[in-house]
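Trainee: Below are the structure tokens for one structure; questions will follow.
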Amino acid sequence: MLNFFICLFSLSVIRKNLDTTRYFWNNTDVLKVLQLFVVPGLLAADVLLKEGSVQFIGDAGWFIVLSYIIYILYQERDQLLAGSLLKAGLPYYIFYVVIFIIQYALPSLYKTHEDTISLINTLPIVWLFAFGLSAKNQINNLRREKEQKEKVIHENEALEHLVRERTNEILQQKNQLEETLEELKQTQNQLIQQEKLASLGELTAGIAHEIQNPLNFVNNFSEVSTELLDELRQELSATSIPENSADIIEDLVQNLSKISYHGKRASGIVKNMLEHSRASTGERQLVDVNALAEEYIKLSFHGLRAKDKSFNSDFKVVPDPSLPAIEAIPQDLGRVLLNLCNNAFYAVNKKAAENIPGYKPLVSITTENLPREEAVKITVSDNGGGISEELKNKIFQPFFTTKPTGQGTGLGLSLSYDIVTKGHGGELMVESVEGKSTVFSIILPVR
Amino acid sequence: MKILVVDDETDIKDLFLQKFRKEIRGGAMEFNFATTGEEALTLLKGYDPESVLILSDINMPGMTGIELLRKIREKHPVSPPEVMMITAYGDDANRSAAMSLGANDFLTKPLDFNELKTKLLK
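Note that the protein sequences, when read in sequence, are chains D and F.
My numbering numbers the first residue of the first sequence as -6 and each following residue consecutively.
My numbering numbers the first residue of the second sequence as -6 and each following residue consecutively.
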């Protein structure tokens, strides 16, 4: 009966608290079989079979089970609990083995000293229970330690999770701040550039004014001189004049008409410059988009031509005669067309410089009435070098430019985009085939 | 008809005299020229305000055309002389200032002489 409780207790403790998978083979299943079947079986044998060779089988069974338990404890002795159990159980086991041998090898000796042996046998039992209790305390301590460890691990995990969350929040805030800072920097730069452009505009307006006055005189004097020559011719017709003089008068009239023609051309450019540099009133008025397109493509062409004599390109406007007048801010819309035309002429000029045989630079503006959408569409196309897919996303960003330093502010398209979308509630889109063409489309609501 | 042209550009005199030579020769028009607002005010003293037409530029050094107009209106609150202002293209601010001071008409640079002739002959 005692063996039964000792084996059951130690097997249960070993199974619950010791890692027994480290040596030779996995002992877990063996221990389970022992605890659940073998030990109760041996108990039954103890109770039922009390005499002779049958009792020997029961005692030998206990011997094997106890040996196995001691063996396991010995193997795991570096674990504190196993060490303690080994210390508690080893004397009991040794006594059990000695008594077992004496009982069956020397039955007469056993019989004569049975009382003494039983008395001596109580010592390892007392020893077993004393150490067993201390082992129980150890088990409890171990459990508490384990629980505390688990608690600490759990708290650590919670703390780490919290730290990670806070770190993420701080990182997000940092990123947001960086983005805001970047936006602020861009806005500051944009303001500086706009200020520069505004002062440049004023300067242009001043210069244009100054040029306009002398040009007026050129035009007016050439006209009045033509009239004077007409009068002279009429007066001289009464008398016979030498043929050469008549020819000279004819040439003079022709020259004056040329002076007048070119003077008016120059006046037209100056007028456009003044119109362009006029501060936008921001007031919407009815605008004839076809006329505006015609005016600004010319202004762009002449402007680039004035800067670079070698520049040349063909250009045309294909107007839709059914286009309605739209409500828009003409100065702002003009600025958009000028920017798009300037870019288009720049692109064809750059491609022309590559001297590709048969290449004819062409910039065109097409207008189209979209009655269903109550909108108009303006496309500015060129057969220049096109825009790569990679750059398409960047061209509307402020300060993005592909032009060499000092030639472009990188604001043209971004301002144009703002004027079309924010200023007029329209759309500005780009399509391009790299190396072949670029088409900018503006869609503007009629009102 | 007496016309007083006020402009700081002296070449305007030759231009007007040549352009309107037939009218001048025929006695239909008589031109006088002033290069400053002050000079114009002095010259005006010798005229009957009802029989003179003043044609004045706006942007002039010293007294501007707007100030000249204001002074003329102050001096002749009743039956003032007719004043035509010459404005630069796109100079909307001065145009509306002159309009509020009671300018009779406007001409825009560059001057269209045929238009001017029609307006003067009216």
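In this text, a Cβ means the ideal position worked out from N, Cα and C, and glycines have one as well.
#1: Find the residues of chain D that neighbour Lys12 (chain F), judging by a C-beta separation of less than 9 Å, and give them in chain order.
#2: Taking beta-carbon pairs under 9 Å, can you tell me which members of the segment 18 to 33 of chain F lie near chain D?
#3: Counting only beta-carbon separations shorter than 7 Å, does Pro103 (chain F) have a partner in chain D?
#4: Report, in whole angstroms, the separation of the C-beta atoms of Val6 (chain D) and Leu78 (chain D), which I expect to be a contact under 8 Å.
#5: Is the beta carbon of Ile95 (chain D) sitting closer than 7 Å to the one on Tyr103 (chain D)?
#6: Near Asn(-4) (chain D), what residues of its chain come up, given a Cβ to Cβ distance below 6 Å and the 5 sequence neighbours on each side ignored?
#7: Does Asn209 (chain D) have its Cβ less than 7 Å from a Cβ in chain F?
#8: Going residue by residue through the segment 98 to 184 of chain D, where are the continuous alpha helix (DSSP H) segments of at least 4 residues, counting only ones entirely within it?
#9: Here's a check: name, in chain order, each residue in its chain whose Cβ is nearer than 7 Å to the Cβ of Leu36 (chain F), leaving out the five neighbours to either side.
#10: With a floor of 3 residues, list each beta strand (DSSP E) that falls wholly inside the segment 310 to 343 of chain D, ordered by position along the chain.
#11: Considering only residues of the same chain and omitting the five flanking positions on each side of Pro441 (chain D), which have a CB-CB separation below 6 Å?
#12: With DSSP as the reference, please indicate the residues paired to Pro438 (chain D) in a beta bridge.
#13: Leaving out the 5 sequence neighbours to the left and right, which residues in its chain are closer than 6 Å to Glu427 (chain D) when beta-carbon positions are compared?
#14: In this structure, what does DSSP give as the bridge partners for Leu363 (chain D)?
#15: Which residues of chain D have a Cβ atom closer than 8 Å to the Cβ of Leu8 (chain F), listed in chain order?
#16: For the structure I just gave you, are there three or more beta carbon pairs, one from the segment 287 to 306 of chain D and one from the segment 231 to 248 of chain D, closer than 8 Å?
#17: Where does Thr111 (chain F) fall in DSSP's three states?
#18: Taking the C-alpha atoms as reference points, what is the distance between Ala98 (chain D) and Leu121 (chain D)?
#19: At least one CB of chain D closer than 7 Å to the CB of Asp1 (chain F): is that the case?
#20: Quick one: what does DSSP say Ser72 (chain F) is sitting in, helix, strand or coil?
#21: Can you give me the start and stop residues for the alpha helix (DSSP H) that Ser407 (chain D) sits inside?
#22: Are there three or more Cβ pairs, one per stretch, closer than 8 Å when the segment 419 to 436 of chain D is compared with the segment 213 to 228 of chain D?
#23: At a Cβ threshold of 7 Å, is Ser41 (chain F) touching chain D?
#24: Using three-state DSSP, classify Ile380 (chain D) as helix, strand or coil.
#25: Going by C-alpha distance, which of F:Lys15, F:Lys68, F:Thr3 and F:Lys(-5) is nearest Gln221 (chain D)?
#26: So who's on the other strand from Ser374 (chain D), going by DSSP bridges?
#27: Could you name the residues of chain D that Phe106 (chain F) contacts, counting a contact when the two beta carbons are closer than 9 Å?
#28: When you compare the CB positions of Val282 (chain D) and Val369 (chain D), do they come within less than 7 Å of one another, or not?
#29: How would you list, in chain order, the residues of chain D whose beta-carbon sits under 7 Å from the beta-carbon of Ala91 (chain F)?
#30: Looking only at C-alpha atoms, which of D:Lys291, D:Val280 and D:Ser238 sits nearest to Gly261 (chain D)?
#31: Just how far apart, CA to CA, sit Val439 (chain D) and Gly416 (chain D)?
#32: Closest Cβ-Cβ distance between Asp98 (chain F) and chain D: below 7 Å?
#33: Taking Leu48 (chain F) as the reference, give the member of F:Lys38, F:Gly55, F:Leu61 and F:Gly39 with the closest Cα.
#34: So, helix, strand or coil for Asp85 (chain F), using DSSP?
#35: Going along the chain, which residues of its own chain have a beta-carbon closer than 7 Å to the beta-carbon of Phe49 (chain D), five neighbours each way excluded?
#36: Starting from the beta carbon of Ala81 (chain F), find every residue of chain D whose beta carbon is closer than 9 Å, and list them in chain order.
Mentor: The structure says:
#1: Against the second sequence, residue 12 (chain F) aligns to sequence position 19. For Lys12 (chain F), the residues of chain D that pass the 9 Å Cβ criterion are Asn213, Glu216, Val217 and Glu220, in the order they occur in the chain.
#2: none
#3: Taking the first residue of the second sequence as 1, we reach residue 103 (chain F) at position 110. Interface residue, yes.
#4: The residue labelled residue 6 (chain D) in the question sits at position 13 within the first sequence. The residue labelled residue 78 (chain D) in the question sits at position 85 within the first sequence. With a Cβ gap of about 7 Å, Val6 (chain D) and Leu78 (chain D) count as contacting.
#5: In the first sequence, residue 95 (chain D) corresponds to position 102, counting from 1. In the first sequence, residue 103 (chain D) corresponds to position 110, counting from 1. In this structure, Tyr103 (chain D) lies closer than 7 Å to Ile95 (chain D) by Cβ.
#6: As a position in the first sequence, residue -4 (chain D) is number 3, starting the count at 1. The answer, listed in chain order, is Trp55.
#7: What you label residue 209 (chain D) is simply residue 216 of the first sequence in a count that begins at 1. Cβ-Cβ to chain F under 7 Å: yes for Asn209 (chain D).
#8: 100 to 105
#9: Within the second sequence, numbered from 1, the residue matching residue 36 (chain F) stands at position 43. Around Leu36 (chain F): Leu(-3), Asn25 and Ala27.
#10: 319 to 321
#11: Here chain D comprises residues numbered -6 to 440, so residue 441 (chain D) is not present and cannot be evaluated.
#12: Indexing the first sequence from 1 puts residue 438 (chain D) at position 445. Answer by DSSP bridge pairing, in chain order: D:Ala368.
#13: Along the first sequence, read from residue 1 onward, the residue named residue 427 (chain D) stands at position 434. If we look at Glu427 (chain D) and ignore the five residues flanking it on each side, its Cβ neighbours are Gly379 and Ser381.
#14: As a position in the first sequence, residue 363 (chain D) is number 370, starting the count at 1. Its beta-bridge partners are D:Ala368.
#15: Start at 1 with the first residue of the second sequence, and residue 8 (chain F) comes out as number 15. Within 8 Å Cβ-Cβ: Phe210, Asn213, Phe214 and Val217.
#16: no
#17: Translated into the one-based positions of the second sequence, residue 111 (chain F) becomes position 118. Helix, per DSSP.
#18: In the first sequence, the residue the question calls residue 98 (chain D) occupies position 105. In the first sequence, the residue the question calls residue 121 (chain D) occupies position 128. For Ala98 (chain D) and Leu121 (chain D), the distance between alpha carbons rounds to 26 Å.
#19: Locating residue 1 (chain F) in the second sequence gives position 8, where the first residue counts as 1. No, Asp1 (chain F) lies away from the interface with chain D (no Cβ there is under 7 Å from its Cβ).
#20: On the second sequence, position 79 is the one that residue 72 (chain F) refers to. Looking at Ser72 (chain F) - three-state DSSP - the assignment turns out to be coil, as it is neither helix nor strand.
#21: Within the first sequence, residue 407 (chain D) is the residue found at index 414, counting from 1. First-last of the alpha helix (DSSP H) with Ser407 (chain D): Gly405 to Asp411.
#22: no
#23: For the purposes of this step, residue 41 (chain F) is identified with residue 48 of the second sequence, where counting begins at 1. According to the sequence displayed, residue 41 (chain F) carries Asp and not Ser. No - not a single Cβ of chain D is within 7 Å of the one on Asp41 (chain F).
#24: As a position in the first sequence, residue 380 (chain D) is number 387, starting the count at 1. The answer is coil: DSSP assigns Ile380 (chain D) none of H, G, I, E or B.
#25: Here residue 221 (chain D) corresponds to residue number 228 of the first sequence, with the count starting at 1. A small correction: the amino acid at residue 221 (chain D) is Leu; Gln does not occupy that position in the sequence shown. Measuring from the Cα of Leu221 (chain D), the nearest candidate turns out to be F:Lys15.
#26: In the first sequence, counting from the first residue as 1, residue 374 (chain D) sits at position 381. DSSP, once it has assigned bridges, lists D:Ser357 and D:Val432 as partnering Ser374 (chain D).
#27: Counting from one through the second sequence, the residue named residue 106 (chain F) turns up at place 113. Within 9 Å Cβ-Cβ: Asn213, Glu216 and Val217.
#28: Position 289 of the first sequence holds residue 282 (chain D). Position 376 of the first sequence holds residue 369 (chain D). Result yes, Cβ atoms of Val282 (chain D) and Val369 (chain D) sit closer than 7 Å.
#29: Translated into positions along the second sequence, residue 91 (chain F) becomes position 98. Result: empty, since nearest Cβ-Cβ is about 17 Å, beyond 7 Å.
#30: Your numbering for residue 261 (chain D) matches position 268 in the first sequence. Of the candidates D:Lys291, D:Val280 and D:Ser238, the one whose C-alpha sits nearest the C-alpha of Gly261 (chain D) is D:Lys291.
#31: Sequence index remark: in the first sequence, residue 439 (chain D) carries index 446 (1-based). Sequence index remark: in the first sequence, residue 416 (chain D) carries index 423 (1-based). The straight-line gap from Cα to Cα measures roughly 13 Å.
#32: Walking along the second sequence from the start, residue 98 (chain F) turns up at place 105. Judged by the 7 Å Cβ criterion, Asp98 (chain F) is not in contact with chain D.
#33: Stepping through the second sequence from its first residue, residue 48 (chain F) is reached at position 55. For the residues F:Lys38, F:Gly55, F:Leu61 and F:Gly39, the minimum Cα distance to Leu48 (chain F) belongs to F:Leu61.
#34: Here the question's residue 85 (chain F) lines up with position 92 in the second sequence. If DSSP states are grouped into helix, strand and coil, Asp85 (chain F) belongs with the helices.
#35: On the first sequence, position 56 is the one that residue 49 (chain D) refers to. Here the set comprises Tyr97.
#36: What you label residue 81 (chain F) is simply residue 88 of the second sequence in a count that begins at 1. Ordered by position in chain D, the residues that pass the 9 Å Cβ test against Ala81 (chain F) are His202, Gln205, Asn206 and Leu267.
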